[in-house]
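Quick note: to get our numbering, add 1 to the position in the sequence shown (first position is 1). What follows is a set of notes on a single structure, which appears directly below.
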Amino acid sequence: MSKLLKGMISNELQRRLDGVTDLLLVDVMKMDANTNVELRKELAAKDISLMVIKNSLARRATDGTALAPAFEGVEGSAAVVWGSEDVVSLAKEVTRISEEKKYAAFVPKGGVMDGAAMTADDVKAVSKWPNRAEQLSLLVGQILGPGRTLSAQMLGPGASLASQIKQKGEEEE
2 MSKLLKGMIS
12 NELQRRLDGV
22 TDLLLVDVMK
32 MDANTNVELR
42 KELAAKDISL
52 MVIKNSLARR
62 ATDGTALAPA
72 FEGVEGSAAV
82 VWGSEDVVSL
92 AKEVTRISEE
102 KKYAAFVPKG
112 GVMDGAAMTA
122 DDVKAVSKWP
132 NRAEQLSLLV
142 GQILGPGRTL
152 SAQMLGPGAS
162 LASQIKQKGE
172 EEE
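So this is what it looks like as structure tokens:
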């Protein structure tokens, strides 16, 4: 491959990964074409991109970026997966797909999260974390919990007092 062609491919990869802060590496080389197409459609429906790229070209395109650690020491074939609402959702989806019998050849290899390299075990560990939506719901619950408790404590005695007044009023009638 000529330097000109390598430069063009690196520039295209840089353009596609512009704005991407987290990505995962997977192995899809042992997957047949029909299964690969089904996988890509399934991922695209969830706003996840998958691209097979030569490791040396990926290193060249991501050199000096936060994505560079993902390609350090990568051996063999690798495909880049990015997208979804956050890296936790992406890791959950990659792990789910790798556990399906239909996609047995789909194997997580690692990636990068917040500029730090991840191993395949790290990807599985991150997939067990709560994603952004789950974290927000936990946070809202924690914020509203004390207020709900305070409201119940304030309304409890008030309701009790109102009930007693009502009973006294009924007795007098």
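Every residue gets a Cβ at the ideal spot worked out from N, C-alpha and C, and that includes glycine.
Would a C-beta distance cut-off of 9 Å place residue i and residue j closer than the cut-off?
i	j	result
Met114	Val127	yes
Ile54	Val82	no
Ser11	Leu58	yes
For residue i, is the classification buried or exposed, using 16 other Cβ atoms within 10 angstroms of its Cβ as the cut-off for buried?
i	result
Lys110	buried
Gly116	exposed
Leu91	buried
By the three-class DSSP mapping on this structure, what secondary structure does residue i have?
i	result
Val108	strand
Ser50	strand
Residue i: which of the options sits nearest, CA to CA?
i	options	result
Leu26	Asp123, Trp130, Gln15 and Leu151	Asp123
Arg16	Arg61, Ala118, Ala71 and Leu91	Arg61
Gln136	Glu39, Glu86, Gln165 and Gly148	Glu86
Val75	Lys42, Lys129, Gly159 and Asp28	Asp28
Lys7	Asn56, Met155 and Met119	Asn56
Which two residues bound the contiguous alpha helix (DSSP H) that contains residue i?
i	result
Val127	Ala121 to Val127
Ser138	Arg133 to Glu173
Ala92	Val88 to Glu100
Gly8	Lys4 to Arg17
Ala80	Counting along the chain, Ala80 falls outside any alpha helix (DSSP H), though it belongs to the beta strand (DSSP E) covering Ala80 to Gly84.
Leu58	Asn56 to Thr63
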